[in-house]
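This report refers to the structure that appears directly beneath it.
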Ligand SMILES: CC(C)(COP(=O)(O)OP(=O)(O)OC[C@H]1O[C@@H](n2cnc3c(N)ncnc32)[C@H](O)[C@@H]1OP(=O)(O)O)[C@@H](O)C(=O)NCCC(=O)NCCS
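Residue numbers (my numbering): 2 to 155.
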């Protein structure tokens, strides 16, 4: 699905002043939420999706030499399913340094929306970590996914 009012959304670098809103979203969507300090330490790798002056999503993608890892990606629950996760991910990936050749991520094996999103973008499963994540009832596996890339911006 594509966002119906795409023009009302903007994507920009995350700033310190955004952290409170970002953490509030994280606490709504994550079973093991990042702390404000974790976001602060990742500020240089982070983008936010803004609508009507409010943060409604964020992406944290760290690059090292020719590889990048998606550390976090989220859309506020009130705005999910509208194409905004796709919009944010595509924009963040398009802005990666030109040197990036390989993207990685880890995702909960039960997180079907995220897995579908990544499969649609040609990520493939390359491994798994057994019992990697805590759940309410025990533990669950992480799927390791990756994608070869070629073109970005400097
Ligand atoms: C994963 C997430 C970022 C997707 O954002 P979104 O804005 O809801 O996604 P979009 O509307 O752009 O949908 C993109 C694709 O995601 C998948 N998807 C989204 N919601 C889904 C759902 N409820 N069930 C199954 N697939 C879903 C679909 O493949 C969809 O494409 P389609 O509509 O063409 O089928 C969002 O669900 C989220 O924030 N989840 C909680 C945090 C999280 O799990 N992050 C990923 C950590 S690795």
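Beta carbons are placed, not taken as given, at the ideal position from N, Cα and C, and that holds for glycine. Quick caveat: nothing in here was measured; it's all calculated off a predicted structure.
Exercise. Report yes if the C-beta of residue 128 is less than 7 Å from at least one heavy atom of ligand 1; otherwise report no.
Key: no
Quiz item: Is residue 43 near ligand 1, going by C-beta to nearest heavy atom under 7 Å?
Solution: no
Exercise. Determine the direct distance from the alpha carbon of residue 41 to that of residue 17, and round the result to whole angstroms.
Key: 7 Å
Quiz item: Looking at C-beta atoms only, is the number of pairs between the region 90-97 and the region 123-137 that lie closer than 8 Å three or more?
Solution: no
Self-check item: Contiguous beta strand (DSSP E) assignments of at least 3 residues, all confined to the region 4-60
Solution: 10-14, 47-52
Practice problem: Return helix, strand or coil for residue 121, following the three-state DSSP convention. | Solution: helix
Quiz item: According to the Cβ coordinates, are residue 26 and residue 62 closer than 8 Å?
Solution: no
Practice problem: Would you grab the beta carbon distance between residue 10 and residue 51 for me? Rounded to a whole angstrom, and I think it's under 8 Å. | Solution: About 7 Å separates the CB atoms of residue 10 and residue 51; that is less than 8 Å, so the two are in contact.
Exercise. Look up residue 111 in the DSSP assignment and say whether it is helix, strand or coil.
Key: coil
Quiz prompt | Sub-8 Å separation of residue 71 and residue 85 beta-carbons | solution = In this structure, the beta-carbon distance from residue 71 to residue 85 does not fall below 8 Å.
Self-check item: Environment of residue 100 [buried if 16+ CB atoms lie within 10 Å]
Solution: exposed
Self-check item: Closest by C-alpha distance to residue 58, when choosing among 69, 80, 67, 43
Solution: 80
Quiz item: In this structure, does DSSP put residue 93 in helix, strand or coil?
Solution: helix
Quiz item: Quick one: what does DSSP say residue 80 is sitting in, helix, strand or coil?
Solution: helix
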